[in-house]
Amino acid sequence: MASSSPSSSPSTLSTPSAAVAPTRRESFPGPAGALEVLIDAPTGAPAGIAVVAHPHPSQGGTAEHKIPQVLARALQAHGFLVARPNYRGVGASEGTYDGGPGEAQDVLAVVRELRAQYPGLPLALAGFSFGAYVLTLGIGELGDSGESIAHLILSGMPDGRLSETLAYETPAVAAIAPGALVIHGERDERVPLVNVFEWARPQELPVVVIPGAGHFFTGKLPALRTAVEGYLRRPPPADQN
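This is how it looks when you write it as structure tokens:
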């Protein structure tokens, strides 16, 4: 989906911290060439690793978009080391746009790099709009490889027919990430809320609706972050991979 611009925890992850480290830029190997990756590290040793996927590059979506930043800061505050890659052809990343499958491989390459650096830590994935769709394309491969997803956050995710010329067939995720958090704006003008309900219903996934929010959560970013942080305080389902 396109972008127009930019209490105590029961889990093992740390509780939120007000202090944050500055974002740094790194280069990771990717399937279409080097990937530019923005890293948001926690103040102490990482308690988890996370990858945040940005919205559609054809309309200005990058790792520096406001919603990936909100998602990253929430994860960082809970002890995750967060990677925000620019997909192939975006920013300083090499390669060209691939419509979703290639971008999913970019995300998987970043997951593999983080996993090599931080073996054994819980993995979280978060995406907004087209980025959420990209994650759904890639998590099946993670599951097949034996990777466990502790947290999956899908915000503003596209599914179904959005216009006469645009439609998404978004893969199901409940078998791999049964505790996924699906967040959507009540007044999303790009992805009708009913589309998300129809996608989530057969998977028995709850949908968190932000009242009055449009696709870009304008004026509702604090509510978005609150929903994400509440989710991160919950332990992952026991029956997950």
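The numbers in the UniProt record's numbering rise by one with no breaks, and the one at position 21 of the sequence shown is 21. Just so it is clear, CB atoms sit at the ideal spot from N, CA and C, and this is done for glycine as well. On a predicted model such as this, the values are computed, not experimentally measured, just so you know.
How many Å lie between residue i and residue j at the Cα?
{"i": "residue 211", "j": "residue 186", "result": "5 Å"}
{"i": "residue 111", "j": "residue 51", "result": "7 Å"}
{"i": "residue 174", "j": "residue 132", "result": "14 Å"}
{"i": "residue 156", "j": "residue 24", "result": "26 Å"}
{"i": "residue 54", "j": "residue 130", "result": "7 Å"}
{"i": "residue 65", "j": "residue 216", "result": "10 Å"}
{"i": "residue 69", "j": "residue 63", "result": "8 Å"}
{"i": "residue 106", "j": "residue 38", "result": "14 Å"}
{"i": "residue 162", "j": "residue 196", "result": "11 Å"}
{"i": "residue 60", "j": "residue 98", "result": "15 Å"}
{"i": "residue 151", "j": "residue 179", "result": "7 Å"}
{"i": "residue 223", "j": "residue 191", "result": "19 Å"}
{"i": "residue 27", "j": "residue 167", "result": "33 Å"}
{"i": "residue 103", "j": "residue 158", "result": "16 Å"}
Quick check: does the Cβ of residue i come within less than 7 Å of any heavy atom belonging to the ligand MG?
{"i": "residue 93", "result": "Among the components of this structure there are no ligands whatsoever, and the ligand MG is therefore not found."}
Output needed for residue i: all residues of its chain with C-beta closer than 8 Å, excluding positions within five of it in sequence on either side, in chain order.
{"i": "residue 118", "result": "46, 49 and 81"}
{"i": "residue 140", "result": "171 and 176"}
Residues in its own chain within less than 6 Å of residue i by CB, not counting five upstream and five downstream?
{"i": "residue 226", "result": "none"}
{"i": "residue 36", "result": "86, 91, 92 and 93"}
{"i": "residue 95", "result": "32, 33, 88 and 89"}
{"i": "residue 181", "result": "153 and 231"}
{"i": "residue 67", "result": "128"}
Identify whether residue i lies in helix, strand or coil by the three-state DSSP scheme.
{"i": "residue 13", "result": "Since pLDDT at residue 13 reaches only 44, below the 50 mark, its modelled position is unreliable, and no value is offered."}
{"i": "residue 152", "result": "strand"}
{"i": "residue 216", "result": "coil"}
{"i": "residue 173", "result": "coil"}
{"i": "residue 93", "result": "coil"}
{"i": "residue 50", "result": "strand"}
{"i": "residue 167", "result": "strand"}
{"i": "residue 232", "result": "helix"}
{"i": "residue 222", "result": "helix"}
{"i": "residue 144", "result": "helix"}
{"i": "residue 68", "result": "helix"}
Roughly how far, in whole angstroms, is the beta-carbon of residue i from the beta-carbon of residue j, given that I think they are within contact range, below 8 Å?
{"i": "residue 126", "j": "residue 71", "result": "4 Å"}
{"i": "residue 29", "j": "residue 124", "result": "Not confirmed; about 22 Å, so no contact."}
{"i": "residue 293", "j": "residue 214", "result": "In the structure as shown, the chain starts at 1 and stops at 241, and residue 293 therefore has no counterpart that could be examined."}
{"i": "residue 134", "j": "residue 160", "result": "Actually they are not in contact, since the Cβ atoms of residue 134 and residue 160 sit about 17 Å apart, beyond 8 Å."}
{"i": "residue 193", "j": "residue 209", "result": "7 Å"}
{"i": "residue 74", "j": "residue 228", "result": "4 Å"}
Just to confirm my understanding: we take residue i, look at its own chain, exclude 5 residues before and 5 after, and list those with CB closer than 7 Å. What are they?
{"i": "residue 136", "result": "170, 171 and 173"}
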